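J.: Before I ask anything, here is the structure I am working with.
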Amino acid sequence: MRISLIGTVHAESGRANLAELLTILERLQPDVIFAEIPTANLAEYLDGSLDDLESRAVALYRKGRPANVVPVDLNKPSDEFFRESEEMFTEVERTSRAFRRLIDQNSLDTRDHGFPYLNSDRCAQAWAAIYDEVRATVERINDARLRQIYALWSETNHRRETGMLENINGYCIGGALSHGVLLLGAAHRKAMVEKVQEQRVVGAPGVSWNLKVLPIFLHPQAVDPCE
49 MRISLIGTVH AESGRANLAE LLTILERLQP DVIFAEIPTA NLAEYLDGSL DDLESRAVAL
109 YRKGRPANVV PVDLNKPSDE FFRESEEMFT EVERTSRAFR RLIDQNSLDT RDHGFPYLNS
169 DRCAQAWAAI YDEVRATVER INDARLRQIY ALWSETNHRR ETGMLENING YCIGGALSHG
229 VLLLGAAHRK AMVEKVQEQR VVGAPGVSWN LKVLPIFLHP QAVDPCE
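Under this note's numbering, the residues of the sequence shown are numbered 49 to 275, in order.
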């Protein structure tokens, strides 16, 4: 199976909007859509009650073309995990001017350039810089509990990304469909690309990844600033 990786956002922002994501899906015409959700959220994803950008675009796409939706994320972490993660990011934002600047710039680029930016090397490097600043700020604050929260948050992201890739591989082993799309939050895209490239070294039977899906047909004028 050929799989295209599409970096997304969960809420519309400027040119990263419903019409643009639907256009990408209609151009690629996937038979299966791998969704960044756990199995428990599939019904909400399909009936529209989840109400995020990806599920809305997928619902519109499936009105015109049959496509399987396959949830590939791990089970949702605990409420405590989310509370502590929010606490960590609040403290990092309060402490680090560099973090605030990086987040603001990423938000502006997402709004102004949309999906060409979200799938660009510039966006990948922006998220790498954001995560580096989170780690560095936690170290500067030098609070043992905050370091524990960061370690759990980082490990959870790693397990999710690894788990999603394993679930996709498992589906492809028995799947007969020809073209899939993984809709993945752009914050995870760089890590997923690296994991796919590592997988290529050992080989993954039946899976061929397209990691450079830059939809220049949307806004060609927006591509140059993103590279």
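All C-beta atoms in this analysis are idealised placements derived from N, C-alpha and C, irrespective of residue type, glycine included.
A quick note: this is a predicted structure, and the numbers were derived from the prediction, not measured.
Which of the three DSSP states is assigned to A91 in this structure?
T.: It is helical.
J.: What span of residues does the alpha helix (DSSP H) with V182 cover, start to end?
T.: From DSSP, the alpha helix (DSSP H) with V182 extends over 169 to 189.
J.: When the Cα of K260 is compared with those of A172, R207, R195, which residue comes out closest?
T.: For the residues A172, R207, R195, the minimum Cα distance to K260 belongs to A172.
J.: Leaving out five residues before and five after L94 in sequence, what residues of the same chain have Cβ atoms less than 7 Å from its Cβ?
T.: These residues qualify, in order along the chain: V117.
J.: Name the residue from Y198, I178, A177 whose alpha carbon lies nearest to the alpha carbon of E187.
T.: The shortest Cα separation from E187 among Y198, I178, A177 belongs to Y198.
J.: Taking the CB atoms as reference points, tell me whether I51 and I216 lie closer together than 8 Å.
T.: Yes, the Cβ-Cβ distance between I51 and I216 is below 8 Å.
J.: Residues in the same chain with beta-carbon distance under 6 Å from D157, minus the five sequence neighbours each way, listed in chain order, please.
T.: For D157, where only same-chain residues beyond five positions count, the Cβ hits under 6 Å are Y165.
J.: Determine the DSSP secondary structure at H58, reduced to helix, strand or coil.
T.: Three-state DSSP puts H58 in coil, outside helix and strand.
J.: The alpha helix (DSSP H) spanning G211 covers which residue range?
T.: That run of the alpha helix (DSSP H) goes 192 to 222.
J.: Using the Cα positions of L98 and A91, report the straight-line distance between them to the nearest angstrom.
T.: Answer to the nearest angstrom: the Cα atoms are 9 Å apart.
J.: Quick one: measure Cβ to Cβ for L231 and T56, integer angstroms, because I've assumed they're closer than 8 Å.
T.: The pair is a contact, with the Cβ atoms about 5 Å apart (cut-off 8 Å).
J.: For V255, which residues from the same chain have a beta carbon less than 7 Å from its beta carbon, with the 5 sequence-adjacent residues on both sides left out?
T.: Around V255: M49, I51, N217, C220.
J.: For E68, tell me which candidate among I81, P78, L101, T87 has the shortest Cα-Cα distance.
T.: Ranking the options by Cα distance to E68, first place goes to L101.
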